[in-house]
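Worksheet for the structure shown next.
2 protein chains.
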Amino acid sequence: MIEPLLLNLEHRDVLAPSEHALLRKTMTMSRRIAKGDDLVSDGSRPTCSTLLVQGFAARYKITRDGGRQITALHVPGDFVDLHAFLLKTMDHGIVALSPCHVLLADHADLRQITESSPHLARLLWLDTLVHGSIHRAWIVAMGRRSKASHLAHIVCELYARLQITGNVDGQSFHFPLSQAEMADVMGLSLVHMNRVIQDMRRNGLISWVNQTVSILDWERLRTLAEFDPTYLNLWIEPR
Amino acid sequence: MIEPLLLNLEHRDVLAPSEHALLRKTMTMSRRIAKGDDLVSDGSRPTCSTLLVQGFAARYKITRDGGRQITALHVPGDFVDLHAFLLKTMDHGIVALSPCHVLLADHADLRQITESSPHLARLLWLDTLVHGSIHRAWIVAMGRRSKASHLAHIVCELYARLQITGNVDGQSFHFPLSQAEMADVMGLSLVHMNRVIQDMRRNGLISWVNQTVSILDWERLRTLAEFDPTYLNLWIEPR
DNA sequence: CGCGATCTTGATAGGGTTCAAGGTCCGTGG
DNA sequence: CCACGGACCTTGAACCCTATCAAGATCGCG
Numbered sequence: 001m002i003e004p005l006l007l008n009l010e011h012r013d014v015l016a017p018s019e020h021a022l023l024r025k026t027m028t029m030s031r032r033i034a035k036g037d038d039l040v041s042d043g044s045r046p047t048c049s050t051l052l053v054q055g056f057a058a059r060y061k062i063t064r065d066g067g068r069q070i071t072a073l074h075v076p077g078d079f080v081d082l083h084a085f086l087l088k089t090m091d092h093g094i095v096a097l098s099p100c101h102v103l104l105a106d107h108a109d110l111r112q113i114t115e116s117s118p119h120l121a122r123l124l125w126l127d128t129l130v131h132g133s134i135h136r137a138w139i140v141a142m143g144r145r146s147k148a149s150h151l152a153h154i155v156c157e158l159y160a161r162l163q164i165t166g167n168v169d170g171q172s173f174h175f176p177l178s179q180a181e182m183a184d185v186m187g188l189s190l191v192h193m194n195r196v197i198q199d200m201r202r203n204g205l206i207s208w209v210n211q212t213v214s215i216l217d218w219e220r221l222r223t224l225a226e227f228d229p230t231y232l233n234l235w236i237e238p239r
Numbered sequence: 001m002i003e004p005l006l007l008n009l010e011h012r013d014v015l016a017p018s019e020h021a022l023l024r025k026t027m028t029m030s031r032r033i034a035k036g037d038d039l040v041s042d043g044s045r046p047t048c049s050t051l052l053v054q055g056f057a058a059r060y061k062i063t064r065d066g067g068r069q070i071t072a073l074h075v076p077g078d079f080v081d082l083h084a085f086l087l088k089t090m091d092h093g094i095v096a097l098s099p100c101h102v103l104l105a106d107h108a109d110l111r112q113i114t115e116s117s118p119h120l121a122r123l124l125w126l127d128t129l130v131h132g133s134i135h136r137a138w139i140v141a142m143g144r145r146s147k148a149s150h151l152a153h154i155v156c157e158l159y160a161r162l163q164i165t166g167n168v169d170g171q172s173f174h175f176p177l178s179q180a181e182m183a184d185v186m187g188l189s190l191v192h193m194n195r196v197i198q199d200m201r202r203n204g205l206i207s208w209v210n211q212t213v214s215i216l217d218w219e220r221l222r223t224l225a226e227f228d229p230t231y232l233n234l235w236i237e238p239r
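For the protein sequence lines, the chains are C and X, in the order given. If you use UniProt numbering, the first sequence corresponds to residues 1 to 239, in order. If you use UniProt numbering, the second sequence corresponds to residues 1 to 239, in order.
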């Protein structure tokens with residue numbers, strides 16, 4: 001069940017068999033979370049970290065006026081709250097956008113990894129750095145891209161991230177978010193989100209029906225998004 | 001010269017004298033960068049990481065149409081491209097917004113720290129996690145706050161970050177950005193940025209003259225920004 | 001004193017929010 | 001098996017926020 005994480009890490013560096021074993025030993029507990037429930041709550045102080053192995057989840061923050069902003073989307077293989085191992089207190093929540101299956105790693109065991117297995121520790125560090133890199137890509141998209149380009153960038157990114165764990169099917173992937181949730185990702189109103197999506201469809205770039213997104217024209221989508229996957233660090237090198 | 005980094009780390013955990021010494025030994029080279037020059041260039045593969053000890057710097061990305069989005073502001077004490085130690089290839093640039101003084105740490109030496117000094121390694125990891133946390137706060141501000149609230153949040157955040165290294169003076173701090181640069185931070189046009197700033201002044205929240213920002217009414221500024229410093233992790237605990 | 005960089009203001013147009021209403025789909029219970 | 005309700009998607013219209021274009025004002029420096 002830990003395979004999605006291994007695939008993730010192995011796209012960045014070679015793992016020794018002992019590192020496989022160590023990770024397996026660390027991820028003991030398993031949990032299922034229903035759609036809409038929090039994997040991790042705002043303000044909590046987790047004592048273990050959550051690895052998402054199945055389903056979609058989102059980091060989010062609620063503002064005083066009741067608005068919600070999603071700051072990250074998580075897919076199978078993402079170590080969703082590895083952050084809390086060192087940050088200690090959650091300053092935002094993480095919610096299941098679909099039924100989720102997760103594995104838990106006790107912080108004491110993670111600490112043990114940093115003490116005894118520096119290479120594996122660097123790869124876990126790297127995992128959090130890649131998510132930081134994704135945050136920067138989102139900031140650029142929010143600040144300086146058209147809404148269509150922003151959406152296109154998200155679709156390209158999700159395709160790339162889902163592909164490495166085998167969660168795509170041809171040019172399509174399962175995508176369980178509602179348009180309202182997508183609006184919370186892009187910082188738009190629901191009405192405008194809907195219009196941006198329909199423009200995209202009319203232009204023959206994507207289809208999105210039945211919780212399935214399909215990329216109809218990669219080249220034009222990539223160009224519109226100015227998508228360059230460098231920031232996802234999807235290549236192997238010694239780290 | 002390494003003091004700002006020590007102050008930064010020591011706001012999160014206790015450092016042993018040997019860890020002080022190790023950091024000092026690692027930060028050998030020193031460099032000065034003129035305003036407007038890149039500390040680190042987009043697309044490069046740095047072999048050392050840059051610690052900012054004096055001045056302001058910004059991470060930025062240029063879009064095809066010539067727009068610029070600043071994804072992070074850096075102040076003295078920030079280990080600005082520790083990321084590249086593991087991410088390897090820069091997918092964005094880092095520019096000096098004022099004359100900057102930096103220290104360099106060779107990646108081989110950083111690797112040595114992760115091998116021999118796990119606690120210090122965790123603190124460096126933590127430093128990058130805090131910057132990820134700041135990214136998320138920015139995403140929330142860009143997506144779901146009014147422009148005035150967004151600006152207020154940035155002012156609160158900078159004040160808090162500058163304070164821990166002793167770079168504030170009462171309720172004021174030196175802030176060398178132009179309004180055009182600030183527009184690239186917030187993803188606005190220059191004209192609108194100017195209007196947001198003037199609203200803020202008219203409301204008696206801040207003054208901003210001569211590269212000096214002063215907070216005139218903390219309580220109202222904090223409320224407007226919904227600023228909660230939890231995400232900056234400015235408290236000591238074992239990590 | 002003159003020039004470039006920066007800040008400020010006005011006018012216009014377009015993008016995005018909000019309010020309102022109707023449509024579609026699907027699961028549930030009578 | 002069909003009626004109903006709820007979640008989600010779609011559309012229209014009015015208004016406001018923000019970008020863009022254009023020009024003038026201010027500041028600091030050589």
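Where is the CB? At the ideal position from N, CA and C, for every residue including glycine. All values reported here derive from a predicted model rather than from experimental measurement.
Which bits of chain X does residue i rub up against, with CB to CB less than 7 Å?
i	result
Asn233/C	Leu87
Glu226/C	Thr63 and Arg64
Gln69/C	Ile139, Val140, Gly143 and Arg144
Could you tell me the distance, in whole angstroms, from the CA atom of residue i to the CA atom of residue j?
i	j	result
Ser214/C	Asp91/X	27 Å
Leu5/X	Val53/X	8 Å
Val14/X	Glu219/X	31 Å
Asp37/X	Ala58/X	11 Å
Val196/C	Ala148/C	6 Å
Leu9/C	Arg201/X	49 Å
Ile2/X	Ala141/C	35 Å
Val75/C	Val209/X	46 Å
Thr114/X	Pro118/C	6 Å
His174/C	Gly166/C	12 Å
His131/C	Thr71/C	11 Å
Val80/C	Asn203/C	34 Å
Thr50/X	Ala183/C	37 Å
Val191/X	Glu181/C	32 Å
His153/C	Phe227/X	30 Å
Thr223/X	Thr230/X	15 Å
Arg144/C	Asn233/C	23 Å
Spell out whether any CB of chain C is found under 8 Å from the CB atom of residue i.
i	result
Pro118/X	yes
Arg222/X	no
Gly187/X	yes
Glu115/X	yes
His11/X	no
Glu237/X	yes
Arg59/X	yes
Arg136/X	yes
Starting from the beta carbon of residue i, find every residue of chain C whose beta carbon is closer than 8 Å, and list them in chain order.
i	result
Asp106/X	Ordered by position in chain C, no residue passes the 8 Å Cβ test against Asp106/X, which lies about 16 Å from the chain.
Arg145/X	Thr63
Arg195/X	By Cβ distance, chain C contributes nothing, its closest Cβ being about 17 Å from Arg195/X, past 8 Å.
Using a C-beta to C-beta distance shorter than 8 Å, which residues of chain X count as neighbours of residue i?
i	result
His131/C	Gly132
Arg202/C	In chain order: nothing, as chain X lies at least about 23 Å away.
Tell me which residues share the same chain as residue i and place their Cβ nearer than 7 Å to its Cβ, disregarding the 5 neighbours each side in the sequence.
i	result
Pro176/X	Phe56, Leu97, Ser98 and Gln211
Ala34/C	Ala96 and Pro99
Lys88/X	Arg45
Leu82/X	Ser49, Leu124, Asp127 and Thr128
Val102/X	Arg31, Ile33, Leu39, Thr50, Leu51, Leu52 and Val53
Spatial neighbours of residue i within its chain, please: C-beta separation below 8 Å, excluding the five flanking residues on both sides.
i	result
Val155/C	Ile206, Val213, Ile215, Leu221 and Ala225
Cys48/C	Met29, Leu104, Ala105, Asp106 and His107
Leu22/C	Ile113, Ser117 and Leu120
Among the residues of its own chain, which have a CB less than 6 Å from the CB of residue i, if the five just before and after it don't count?
i	result
Asp65/X	none
Val185/X	Ile70
Gly93/C	Asp38, Ser41, Asp42 and Tyr60
Gln171/X	Ser214 and Ile215
residue 247/C	Outside the shown range of chain C, which is 1 to 239, sits residue 247/C, and nothing can be said about it.
Can a CB atom of chain X be found closer than 8 Å to the CB of residue i?
i	result
Trp218/C	no
His74/C	no
Asp78/C	no
Asp91/C	yes
Thr230/C	yes
Please list the partners that residue i has in chain C, where partner means a Cβ-to-Cβ separation under 7 Å.
i	result
Trp125/X	Leu86 and Trp125
Asp81/X	Within chain C, no residue comes near Asp81/X; the closest Cβ sits about 11 Å away, beyond 7 Å.
Under 9 Å between beta-carbons, which chain C residues line up against residue i? List them in chain order, please.
i	result
Ala121/X	Thr114, Pro118, Ala121, Arg122 and Trp125
Thr128/X	Trp125, Thr128, Leu129 and Gly132
Thr50/X	Here the premise fails: no neighbours, minimum Cβ distance about 16 Å.
Could you pull out every unbroken beta strand (DSSP E) segment of at least 3 residues lying fully inside the region 140-178 of chain X, listed in chain order?
Segments of the beta strand (DSSP E) lying fully in the region 140-178 of chain X: 172-174.
For a minimum of 4 consecutive residues, which ranges assigned as the alpha helix (DSSP H) are wholly contained in the region 52-88 of chain C?
For the alpha helix (DSSP H) assignment, the uninterrupted runs of no fewer than 4 residues enclosed by the region 52-88 of chain C are, from N- to C-terminal side, 84-87.
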